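Novice: Residue numbers (my numbering): 1 to 301.
Glycine included, every Cβ here is placed at the ideal spot set by N, Cα and C.
Fair warning: this is a prediction, and the values are worked out from it, not measured in the lab.
Got a structure here, written out as structure tokens. Questions coming.
This is the structure in structure tokens:
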């Protein structure tokens with residue numbers, strides 16, 4: 001990319017095994033239509049390359065199967081490989097169903113979730129519905145609006161979260177909604193340790209739990225936490241007001257000092273074993289466990 005290229009806004013990204021990240025972005029000012037072009041960036045060692053994709057990609061994740069493949073979910077309802085090579089779009093979802101929101105991957109399977117309580121699982125080369133107990137054919141005030149999904153495999157514990165206090169568990173058979181004393185909306189979650197999860201969302205509230213046992217942790221803030229990830233044994237929460245480190249024993253947060261002289265944009269997180277990446281509206285940040293740095297993208301200054 002060069003300074004003459006149009007500036008972009010960063011929407012999501014996936015940390016890569018071995019270093020670097022794949023970032024989805026869109027040219028500033030383009031309307032968020034179903035066919036808006038996505039600029040896929042590959043960033044590594046301050047070297048940036050990109051390709052424009054004729055799909056509005058809204059979520060990406062690396063498939064941890066050893067191939068290094070990153071897949072993207074498009075607003076049109078297709079999933080396609082976006083790195084290291086652009087692949088063929090694969091349709092997903094029921095005919096006439098509402099949109100999907102996000103992707104999740106583990107070593108054996110990939111998942112997608114979204115409106116109407118929709119969850120899909122990819123096994124044996126095909127996407128199939130995986131939402132017994134959650135899916136509602138029509139959107140209503142009580143239909144689940146799912147934002148994130150995490151867990152190890154369908155044979156162990158999976159958890160999905162969404163708007164208005166939605167948490168549901170899958171331990172074999174079908175999904176079961178969890179009763180929890182809040183109607184705050186949840187945005188994402190991470191598996192802290194085997195079978196134990198941390199859920200983030202609005203009003204500074206977090207949910208912590210495992211199979212059938214959940215509690216609310218109040219961080220003392222009123223910010224919305226859009227994302228959460230684990231890096232080198234520590235938990236990080238991302239908001240529009242910065243990134244926070246969460247101490248599970250004290251149930252407290254501490255804001256990260258980037259030591260940059262200004263507050264860069266923050267929104268989504270993605271971690272590998274060696275790097276934690278942050279993708280904000282105007283900034284891509286990388287943390288190696290000691291220092292934060294902001295990548296210099298020529299088109300964005």
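Along the chain, where does the beta strand (DSSP E) containing residue 218 start, and where does it finish?
Specialist: Here the beta strand (DSSP E) through residue 218 covers 213 to 218.
Novice: Output needed for residue 1: all residues of its chain with C-beta closer than 7 Å, excluding positions within five of it in sequence on either side, in chain order.
Specialist: Since pLDDT at residue 1 reaches only 48, below the 50 mark, its modelled position is unreliable, and no value is offered.
Novice: Tell me the residue span of the beta strand (DSSP E) that contains residue 284.
Specialist: Per DSSP, residue 284 belongs to the beta strand (DSSP E) from 284 to 287.
Novice: Please determine if the region 137 to 149 and the region 99 to 112 are in contact, where contact requires at least 3 C-beta pairs separated by less than 8 Å.
Specialist: Yes: at least three Cβ pairs fall under 8 Å.
Novice: With a 10 Å radius around its C-beta and 16 neighbouring C-beta atoms as the bar for buried, classify residue 40 as buried or exposed.
Specialist: When all chains shown are included, residue 40 counts as buried.
Novice: Could you give the distance in angstroms between the alpha-carbon of residue 269 and the alpha-carbon of residue 242?
Specialist: Distance between the alpha carbons of residue 269 and residue 242: 11 Å.
Novice: How is the beta strand (DSSP E) around residue 10 delimited, first residue to last?
Specialist: Element bounds for residue 10: 8 to 15.
Novice: With C-beta atoms as the reference, is residue 229 less than 8 Å away from residue 271?
Specialist: Cβ atoms of residue 229 and residue 271: closer than 8 Å.
Novice: Less than 8 Å between the beta carbons of residue 199 and residue 189, yes or no?
Specialist: Contact: yes.
Novice: Using a threshold of 8 Å, state whether the C-beta atoms of residue 34 and residue 76 are closer than that.
Specialist: It is a contact, given that the beta carbons lie within the stated cut-off.
Novice: For the region 203 to 262, list the beta strand (DSSP E) runs that are entirely contained and at least 3 residues long, ordered along the chain.
Specialist: List check, beta strand (DSSP E) in window: 205 to 210, 213 to 218, 227 to 231, 234 to 239, 242 to 247 and 252 to 255.
Novice: Can you say whether residue 116 is buried or exposed, counting buried as having 16 or more other CB atoms within 10 angstroms of its CB?
Specialist: With 16 or more other Cβ atoms within 10 Å, it is buried.
Novice: Helix, strand or coil: how does DSSP classify residue 117 here?
Specialist: Looking at residue 117 - three-state DSSP - the assignment turns out to be helix.
Novice: Going by the beta-carbon positions, is the gap between residue 123 and residue 62 smaller than 8 Å?
Specialist: It is not a contact, given that the beta carbons lie outside the stated cut-off.
Novice: For a test of the three-state rule: what should DSSP assign to residue 279, helix, strand or coil?
Specialist: If DSSP states are grouped into helix, strand and coil, residue 279 belongs with the strands.
Novice: Is residue 89 helix, strand or coil when you go by DSSP?
Specialist: Coil, per DSSP.
Novice: Using C-beta distances below 7 Å, list every residue in its chain close to residue 84, excluding the 5 sequence neighbours before and after it, in chain order.
Specialist: Same-chain partners within the cutoff: 68.
Novice: Output needed for residue 28: all residues of its chain with C-beta closer than 8 Å, excluding positions within five of it in sequence on either side, in chain order.
Specialist: Taken in chain order, the residues that qualify are 6, 7, 8 and 9.
Novice: Quick check on DSSP: helix, strand or coil for residue 102?
Specialist: Residue state, collapsed to three classes: strand.
Novice: Would you identify the three-state DSSP class for residue 183, choosing helix, strand or coil?
Specialist: Here residue 183 sits in coil by DSSP.
Novice: Using the C-alpha atoms, what's the distance from residue 295 back to residue 24?
Specialist: For residue 24 and residue 295, the distance between alpha carbons rounds to 15 Å.
Novice: Return helix, strand or coil for residue 130, following the three-state DSSP convention.
Specialist: Residue 130 falls in the coil class under three-state DSSP.
Novice: Round the Cβ separation of residue 82 and residue 60 to the nearest angstrom and send it over; I've been treating them as touching at under 8 Å.
Specialist: Contact holds; Cβ gap of about 6 Å.
Novice: Give the secondary structure of residue 167 by DSSP, where H, G and I count as helix, E and B as strand, and everything else as coil.
Specialist: Strand.
Novice: Does the Cβ of residue 273 have 16 or more other Cβ atoms within 10 Å, making it buried, or fewer, making it exposed?
Specialist: Exposed.
Novice: With DSSP collapsed to three states, give me the class of residue 191.
Specialist: The answer is strand: DSSP assigns residue 191 an E or B state.
Novice: Do you know how far the Cα of residue 106 is from the Cα of residue 72?
Specialist: Taking the straight line joining both Cα atoms gives about 15 Å.
Novice: CB residue 26 to CB residue 13, shorter than 8 Å?
Specialist: Taking 8 Å as the Cβ cut-off, residue 26 and residue 13 do not qualify as a contacting pair.
Novice: Considering Cα atoms alone, identify which of 156, 292, 86 and 90 is closest to residue 262.
Specialist: Here the closest residue by C-alpha is 292.
Novice: Taking just the CA atoms, how far does residue 208 sit from residue 197?
Specialist: If I take the Cα positions, the gap works out to 6 Å.
Novice: Which of the three DSSP states, helix, strand or coil, is assigned to residue 162?
Specialist: In the structure shown, residue 162 sits in a strand (DSSP, three-state: E or B).
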